[in-house]
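Novice: Can you read through this structure? Questions will come right after.
Residue numbers (the working numbering): 399 to 478.
Put into structure tokens, the structure is as follows:
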């Protein structure tokens with residue numbers, strides 16, 4: 399089986415997860431989606447804070463999903 403034959407959906411939010419995602423992408427694996435937590439308000443101005451995983455996914459044109467709940471029917475259908 400070739401790397402491109404696999405369809406990988408990556409789940410991660412913490413900054414250290416970016417390195418794993420990066421290695422998959424740079425390694426030629428077929429990353430068909432990235433799932434990370436929704437943006438959260440942070441700081442005094444409650445500006446939305448994006449996870450590092452989201453930033454990497456957007457910068458690299460990966461399909462991004464940010465479900466509020468993993469059991470959400472719409473999200474589950476999107477994974478299929």
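For glycine and all other residues, C-beta sits at the position ideal for the given N, C-alpha and C.
Quantities reported herein were computed from a predicted structural model and do not represent experimental measurements.
Just the Cα atoms here: how many angstroms apart are residue 429 and residue 442?
Specialist: For residue 429 and residue 442, the gap between their C-alpha atoms comes out near 36 Å.
Novice: Tell me the residue span of the beta strand (DSSP E) that contains residue 466.
Specialist: Here residue 466 belongs to no beta strand (DSSP E), and DSSP marks it neither H nor E.
Novice: Cα separation between residue 439 and residue 460?
Specialist: 23 Å
Novice: According to DSSP, is residue 419 helix, strand or coil?
Specialist: helix
Novice: What are the boundary residues of the alpha helix (DSSP H) that residue 386 is part of?
Specialist: With the chain covering only 399 through 478, there is no way to say anything about residue 386.
Novice: From what residue to what residue does the beta strand (DSSP E) around residue 438 run?
Specialist: 438-440
Novice: Where do the ends of the alpha helix (DSSP H) carrying residue 477 lie?
Specialist: 471-477
Novice: Should residue 418 go down as buried or exposed, given a rule of 16 or more other Cβ atoms within 10 Å for buried?
Specialist: exposed
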